[in-house]
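Q: Before we start, here is the structure in question, set down as structure tokens.
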Amino acid sequence: TEPLARQLDPVKAKSADLKKVSFDEKGFRFALNEDAMATEKTAEGIRVFAADIRKLEDLIVSVRPGTS
168 TEPLARQLDP
178 VKAKSADLKK
188 VSFDEKGFRF
198 ALNEDAMATE
208 KTAEGIRVFA
218 ADIRKLEDLI
228 VSVRPGTS
């Protein structure tokens, strides 16, 4: 396997020219809804995570002694 190239660098991050942003909940929700991809990917991630939790719970029940 090939080595994985570093994509994130803390030194470069500290020197990046980024302006600080601050949101209250209303502003955050508005900004999130303005970004369709962020909204869809966040929702997808929550759905997949919830499905994985159910799978994990089922697996735990199936391997616990005295259950099934």
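First residue of the sequence shown? That's 168 in our numbering, and the numbers climb one at a time after it.
By construction, the Cβ of each residue, glycine as well, lies at the ideal position given by its N, Cα and C atoms.
Among the residues of its own chain, which have a CB less than 8 Å from the CB of L199, if the five just before and after it don't count?
A: Here the set comprises A205, T206 and T209.
Q: Look up P177 in the DSSP assignment and say whether it is helix, strand or coil.
A: Here P177 sits in helix by DSSP.
Q: Alpha carbon to alpha carbon, what distance is there between V188 and R231?
A: About 48 Å.
Q: When the Cα atoms are used, what is the spatial distance from G212 to D202?
A: Going by the C-alpha atoms only, they are around 15 Å apart.
Q: Rounded to whole angstroms, what is the Cα-Cα separation between R221 and L185?
A: Taking the straight line joining both Cα atoms gives about 40 Å.
Q: Does any CB atom of chain D fall closer than 8 Å to the CB of G233?
A: Among the chains in the structure shown there is no chain D, since it carries only a single protein chain.
Q: May I ask you to report which of helix, strand or coil DSSP gives D184?
A: It is coil, neither helix nor strand.
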